[in-house]
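K.L.:
Got a structure for you, questions after.
In the UniProt record's numbering, the protein residues as written are 1 to 629.
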């Protein structure tokens, strides 16, 4: 009997334990050092210790670490998953050793303040370090990522004692961390939380309640786990205004960090999921025996949501990073496969049965998919680095030029929902397209893209669904600073179009960007009239489309900006074999931008036309008319 294994294999299928992660470091360094000129702020406060050479070396070494340590554990962790035994969660085999190596190498603390043991790197550098770590093993990197986020909250809002006790251990990897918001009856509606906090005579709080979908809720890689728990103090107001944030360690600790014993935090179960199976998603029960003790983050009650939003904003950016990380590796693996897999003759000889077989990368539709994946991956990565650079420039200008600092902070606020939602939506679509590029081989577990696709789906759901991101954008972010953030964004795009519309290479595509920018501005005004005239029901119907419109404009702008620079760089290259790779790289930038301008930017005007119809069909259909069941 024949099996697939006895037939001609499409391409060699590696074992699950081999590294399949791929990253384009040339593209990352182009963004940092050429397009966004990170070197202009390296060596300046607060990045005095960083230079171009150091940054480049960090990316190289992180990639080496990711391929040697994390990548080989990605598929094996997916297949084995986590296990719950005797009330404790055990991470997949090899994760504990990888955790120790990660913290020993210092890759998780690249951007941490040196006062707390970090290296003080710019956010733009850390974003790409995180992309590499997440791309190699998304599930693993969630554990230290959550510990990092918990530490940032305590660093911002905690007391001096809390900082000295928790930060060295969280940043150093001795302890893990989580954020605990979701409850069985309080998902997106966080204000419905029923977890309670009863103040004790010594100033601490007795915590009682159940949290669900807690990533990294328990594991065996760290001595202790510090949970940041939203709970309501007895007598606090209802809704989100009455929530406070508490530090609740899995094991009680003394002020010197010594472990005292159980803190009545129990794992009820772990979820069996579609993807990220190496990440333990837990149900956590706090205080079933009335023995769970927590302490308020800082000293003021009822500020929990504001404090947690700091962690959530960082987490939302991290989700966008996860998205581009997985999508990029899916694209690069699909490209490798397409270059190797021979199938059919070229289109010029399609009727000739004796014509030589060609690699599928020569077929038109495969090339279309590869170019679309390339454009979206590179555009979303540029958007993430742009956001991170805005974060860095806030720190550079704070105190010396507050107007510039406000501008950059405004752009950070505006871009966070775009990075999270558009980045995660497109990650799933790129992964699906990568599977399509492989054909049937992409659907089987011998190849990495089916896992990438399964892992990527959660990105549009957790840390606030993408509709929540869209409502955050249109309901809060557009109105910040009296709408100035949006006006500055639109102005930056318009100025770019005006400056380069006569460019010999990129100029022909700028009319499409200009038209998209105008359609976006017009739709923003239309939405403003909905708010002003009480037609609020239209806002949630339009929010997702508006976020996509703005994201496409942003990505199109940055791709075209990169193409302008690439054309200049290519023109300056010597016309010989030594510059062939650089010439091909810059040519790829032009083609990716051209494809996005011709095939994706027109969608902005289409969305604007649809929203202009103010269709209420989803609201008008009776609920019992959806199906006759």
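Cβ coordinates follow ideal geometry from the N, Cα and C atoms, glycine included.
Treat the numbers as computed from the prediction; the structure is a model and nothing was measured.
What are the boundary residues of the beta strand (DSSP E) that residue 431 is part of?
P.N.:
No beta strand (DSSP E) holds residue 431; the alpha helix (DSSP H) holding it covers 402-438.
K.L.:
Where does residue 276 fall in DSSP's three states?
P.N.:
Looking at residue 276 - three-state DSSP - the assignment turns out to be coil, as it is neither helix nor strand.
K.L.:
Using a Cβ-Cβ cut-off of 8 Å (strictly less than) and excluding sequence neighbours within five positions of residue 259, which residues of its own chain qualify?
P.N.:
223, 224, 251, 252, 253.
K.L.:
What do you get for residue 350, buried or exposed, if any count of 16 or more other CB atoms within 10 angstroms of its CB means buried?
P.N.:
Counting Cβ neighbours within 10 Å, residue 350 comes out exposed, since fewer than 16 surround it.
K.L.:
Which residue comes first and which comes last in the alpha helix (DSSP H) that contains residue 30?
P.N.:
Where residue 30 is concerned, there is no enclosing alpha helix (DSSP H), given that its DSSP letter is neither H nor E.
K.L.:
Roughly how many angstroms lie between the CA atoms of residue 261 and residue 287, to the nearest whole one?
P.N.:
About 14 Å.
K.L.:
Excluding the 5 residues preceding and the 5 following residue 85 in the sequence, name in chain order all residues of the same chain whose CB lies nearer than 8 Å to its CB.
P.N.:
There are no such residues.
K.L.:
List the residues that DSSP assigns as beta-bridge partners of residue 688.
P.N.:
Nothing can be reported for residue 688, as the shown portion of the chain is limited to 1 through 629.
K.L.:
What does the alpha-carbon distance come out to for the pair residue 454 and residue 275?
P.N.:
Looking at the two C-alpha atoms, the distance is approximately 5 Å.
K.L.:
Can you tell me the Cα-Cα spacing of residue 2 and residue 71, whole angstroms?
P.N.:
Low confidence applies here, because residue 2 scores a pLDDT of 48, under 50, leaving its location unreliable; read the following figure in that light. Rounded to the nearest angstrom, the two C-alpha atoms are 33 Å apart.
K.L.:
May I have a chain-ordered list of the alpha helix (DSSP H) segments no shorter than 4 residues that lie completely inside the region 456-504?
P.N.:
Counting only runs of 4 or more, we get 466-475, 484-500.
K.L.:
I need the straight-line Cα distance from residue 506 to residue 496, nearest angstrom please.
P.N.:
Straight-line Cα distance between these residues: approximately 12 Å.
K.L.:
Going by beta carbon distance, what residues of the same chain come within less than 8 Å of residue 159, once the five residues before and after it are set aside?
P.N.:
Excluding sequence neighbours, residue 159 sits near 298, 299.
K.L.:
Going residue by residue through the region 322-410, where are the continuous alpha helix (DSSP H) segments of at least 4 residues, counting only ones entirely within it?
P.N.:
Counting whole runs of 4 or more residues, the region 322-410 contains the alpha helix (DSSP H) stretches 364-397.
K.L.:
Does the contact criterion of 3 or more C-beta pairs under 8 Å hold for the region 528-544 versus the region 602-621?
P.N.:
Yes, they touch.
K.L.:
Go to residue 65, then tell me how far its beta strand (DSSP E) extends in each direction, as first and last residue.
P.N.:
Looking at the DSSP string, residue 65 is not in any beta strand (DSSP E); the run it does join, the alpha helix (DSSP H), is 52-65.
K.L.:
Rounded to whole angstroms, what's the CA-CA distance from residue 162 to residue 154? Just pull it up for me.
P.N.:
Each residue's Cα considered, the two are about 7 Å apart.
K.L.:
With distances taken between CB atoms, is the gap from residue 553 to residue 520 smaller than 8 Å?
P.N.:
Against a cut-off of 8 Å, the Cβ pair of residue 520 and residue 553 comes out as a contact.
K.L.:
Under DSSP, the beta strand (DSSP E) around residue 266 begins and ends at which residues?
P.N.:
Segment 265-270, the beta strand (DSSP E) holding residue 266.
K.L.:
Are the CB atoms of residue 214 and residue 178 nearer to each other than 8 Å?
P.N.:
Contact flag set, yes.
K.L.:
Is the beta carbon of residue 230 sitting closer than 8 Å to the one on residue 247?
P.N.:
It is not a contact, given that the beta carbons lie outside the stated cut-off.
K.L.:
Whose C-beta lies closer than 8 Å to the C-beta of residue 605 among residues of the same chain, with five residues either side of it excluded?
P.N.:
Excluding residues within five positions, the ones whose Cβ falls inside 8 Å are 515, 516, 519.
K.L.:
Please state the DSSP three-state secondary structure of residue 194.
P.N.:
Correct three-state label for residue 194: coil.
K.L.:
Hey, out of 395, 400, 418, whose CA is closest to residue 408's CA?
P.N.:
Selected option, being the one with the closest Cα: 395.
K.L.:
With the cut-off set at 8 Å, would you say residue 36 and residue 98 are in Cβ contact?
P.N.:
It is not a contact, given that the beta carbons lie outside the stated cut-off.
K.L.:
Tell me the start and end of each unbroken beta strand (DSSP E) in the region 78-137 that is at least 3 residues and wholly inside, in chain order.
P.N.:
Segments of the beta strand (DSSP E) lying fully in the region 78-137: 83-85, 88-90.
K.L.:
Using 8 Å as the Cβ pair cut-off and three pairs as the minimum, do the region 36-52 and the region 119-138 touch?
P.N.:
Contact between the region 36-52 and the region 119-138 is present, because at least three Cβ pairs lie under 8 Å.
K.L.:
Could you have a look at residue 4 and say whether DSSP puts it in helix, strand or coil?
P.N.:
Caution applies to residue 4, whose pLDDT of 48 falls short of 50 and renders its modelled position unreliable; the value that the coordinates give is listed next. Residue state, collapsed to three classes: helix.
K.L.:
Go ahead and label residue 512 buried or exposed: buried means 16 or more other beta carbons lie within 10 angstroms of its beta carbon, across all protein chains shown.
P.N.:
Counting Cβ neighbours within 10 Å, residue 512 comes out buried, since at least 16 surround it.
K.L.:
Just to confirm, are residue 145 and residue 388 a CB contact at a threshold of 8 Å?
P.N.:
Going by C-beta atoms, residue 145 is not nearer than 8 Å to residue 388.
K.L.:
With H, G and I counted as helix, E and B as strand and the rest as coil, what does DSSP make of residue 568?
P.N.:
The answer is helix: DSSP assigns residue 568 an H, G or I state.
K.L.:
Could you have a look at residue 199 and say whether DSSP puts it in helix, strand or coil?
P.N.:
Strand, per DSSP.
K.L.:
Just reading off the beta strand (DSSP E) that residue 294 is part of, what are its end residues?
P.N.:
Taken as a continuous stretch (DSSP letters only), the beta strand (DSSP E) holding residue 294 covers 293-296.
K.L.:
How many angstroms separate the CA atom of residue 306 from the CA atom of residue 501?
P.N.:
Computed Cα separation, rounded: 43 Å.
K.L.:
Could you check whether the region 98-108 touches the region 138-152, counting it as contact only if at least three pairs of C-beta atoms, one from each stretch, sit closer than 8 Å?
P.N.:
Cβ pair count under 8 Å is three or more, so yes.
K.L.:
Closest by CA to residue 255, which one among 584, 354, 167?
P.N.:
Nearest option by C-alpha distance: 167.
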